[in-house]
Amino acid sequence: MDTLVTSNVLRPGVVGLAKSLAAQLAPEGITVNVVCPGYFRTERVEELARDLAKRRGIEPEQVVAEWEAGVPARRLGDPAELGDFVAFLASERASYLTGATIQIDGGYVRGLM
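If you use the working numbering, the sequence shown corresponds to residues 931 to 1043, in order.
So, in structure tokens, the structure goes:
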């Protein structure tokens, strides 16, 4: 995908805000976490693939295949997977999970933090 300057600048601020809110709200039983999704097969991703394919003179499926090849899981995520994970975060079973930044990206981000 093209560089995402605005979102790349804002992400650290969102994570910092979430960390502060998690500490502040934990005594009240409120959890705050950050979910960092990778490539998911959404209408927006399909639109981006079409736009990039048009600029490069190739088929959108070829662009998607290139993106998939860059993900260790070798596929784009299913939006239902993301939804299920977020539902878990909102559940009582995740009541001790707060202040976390979690990638759900098929192994795409390889950083330790």
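Beta carbons: idealized from backbone N, C-alpha and C, even for Gly.
1) I'd like the list of long-range same chain contacts for Gly959, defined as Cβ closer than 8 Å, with 5 residues on each side in sequence excluded.
2) Please identify the residue among Ala1010, Phe1018, Arg980, Pro967 whose C-alpha is closest to the C-alpha of Gly1036.
3) Please return the same chain residues whose Cβ sits closer than 6 Å to the Cβ of Val994, not counting the five positions on each side in sequence.
4) If you drop the 5 nearest sequence neighbours on each side, which residues of the same chain put their C-beta closer than 6 Å to that of Tyr1038?
5) In angstroms, rounded to a whole number, what distance separates the CA positions of Pro1009 and Arg971?
6) Name, in chain order, the residues that DSSP records as bridge partners for Val965.
With the given structure in hand:
1) As a position in the sequence shown, residue 959 is number 29, starting the count at 1. So the list reads Ser1025, once near-sequence residues are dropped.
2) Against the sequence shown, residue 1036 aligns to sequence position 106. Minimum Cα distance to Gly1036 is reached at Pro967.
3) Taking the first residue of the sequence shown as 1, we reach residue 994 at position 64. Around Val994: Ala979.
4) Mapped onto the sequence shown, residue 1038 falls at position 108. Gly968, Val1001.
5) Position 79 of the sequence shown, counted from the start, is the residue given in the question as residue 1009. Position 41 of the sequence shown, counted from the start, is the residue given in the question as residue 971. For Pro1009 and Arg971, the distance between alpha carbons rounds to 7 Å.
6) Within the sequence shown, residue 965 is the residue found at index 35, counting from 1. In the DSSP assignment, Val965 forms a beta bridge with Ile1032.
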